[in-house]
Amino acid sequence: MIEEQSELQGRPLKPGELFRFACRPALACFNACCRDKRLPLLPYDLLRLRRGLKQNSSDILATLVELEEDPGSGRPALRIKLQPDGVCPFVSPDGCTVYEHRPTCCRIYPLARAVQPGAGGAEPSQIFLRQDTPGCLGWEEPDELDIDAWIADQDLAPFQAANNRALKLFMHPAKKGKVSLNQAQTHAFISALYNLDGFRDLVQQEGFTAKFAISDQRLAAALKSDEELLDLGIDWLIGVLFGG
Ligand code: SF4
Ligand code: SF4
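Written out as structure tokens, the structure reads:
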């Protein structure tokens, strides 16, 4: 999920600080990291996987995703369902079969990002930490880069922007400590954030927009763009969970 620094390990990197890393098919460890991992899926990750796989979101949720409770926050947390042998279902001998749409956790490694929401609408503050992992030979490569270069190389910007937009939900001021969602709230959480096809049907049900004061313009934008639909889902869920 979206982590705070206290939840992450690793040495913080300063902006502009150089580190050495490269991941290449020629390395002996290639693909070794795509197994036996907890691979969390943020809402935008599922949006992108759905786009890449061209499957209905409910089918993806039923076959490729596992639900757990995030131990820190108590929120539902989704992750890629590994195959019985512990391998990610998307890995092939040639690498990741969903590479263009792979989730945040796979893009950001060998770094991790911890965030703090900005006060009064300011940009969130963030910190990046090195994740030195035993067996990952990428750390022995000579290529030098900094955080910005890695973000650009991995096309992380749209993922970070979308994940930042979700902070108003995940770090809502009304959330005090660990949450405990009932069955209906858990269903709303999954529907609005992860089951975009189901949520699209829901917002078009008669009376939905009037009940939740959603303008015709916002509905039209959400029906045209998955990103807008997800943003609508976040705002709707804030109302459901926190009353606004
Ligand atoms: S270099 Fe690291 S990230 Fe790349 S394949 Fe090897 S273990 Fe995975
Ligand atoms: S999604 Fe792709 S990069 Fe991530 S673990 Fe699976 S195969 Fe590896």
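Per this note's numbering, the sequence shown starts with residue 84, numbered consecutively. Don't be surprised by glycine CBs; every beta carbon is placed ideally from N, CA and C.
- A heavy atom of ligand 1 is found nearer than 6 angstroms to the CB of GLY221.
- Listed in chain order, the non-local C-beta contacts of ALA105 below 7 angstroms within the same chain comprise GLY221, GLU224, ASP226, local neighbours out to five positions each way being set aside.
- With a threshold of 6 angstroms, the Cβ atom of PHE113 counts as near ligand 1, since some heavy atom of the ligand is closer than that.
- In the DSSP assignment, PHE102 forms a beta bridge with LEU228.
- Bridge pairing for ILE163: VAL148 [DSSP].
- When distances are taken from the beta-carbon of CYS188 to the heavy atoms of ligand 1, even the shortest one reaches 6 angstroms or more.
- Set against 6 angstroms, the gap from the CB of CYS179 to the closest heavy atom of ligand 2 is smaller.
- The segment 139 to 146 makes no contact with the segment 264 to 272; the number of CB pairs closer than 8 angstroms stays below 3.
- Short of 6 angstroms from the beta carbon of LEU194, and not among the five residues preceding or following it, lie these beta carbons of its own chain, in chain order: PHE211.
- Taking 6 angstroms as the cut-off, one finds at least one heavy atom of ligand 2 near enough to the beta carbon of VAL174.
- Put simply, of PHE102, GLY93, LYS97 the residue whose alpha carbon is nearest the alpha carbon of LEU228 is PHE102.
- Annotation for CYS106 indicates a beta carbon within 6 angstroms of some heavy atom of ligand 1.
- Within the same chain, LEU124, ASP128 come within 6 angstroms of PRO186 by CB-CB distance, once the 5 residues on both sides are set aside.
- Looking at PRO176, ILE163, GLU310, the one whose alpha-carbon comes closest to that of ALA244 is GLU310.
- Check the Cα spacing between ASP119 and each of PRO95, GLU206, LEU165, ASN278: the tightest is with LEU165.
- For ARG185, the Cβ falls inside the 6 angstroms cut-off from some heavy atom of ligand 2.
- In this structure, CYS116 has its CB closer than 6 angstroms to one or more heavy atoms of ligand 1.
- DSSP, reduced to helix, strand and coil, places GLN92 outside both helices and strands of the structure shown, so it counts as coil.
- Looking at the backbone, the Cα of ASN247 and that of ALA232 are separated by about 20 angstroms.
- Around the beta carbon of LEU279, 16 or more other beta carbons lie within 10 angstroms, which makes this residue buried.
- Counting along the chain, ARG301 sits inside the alpha helix (DSSP H) bounded by residues 299 to 307.
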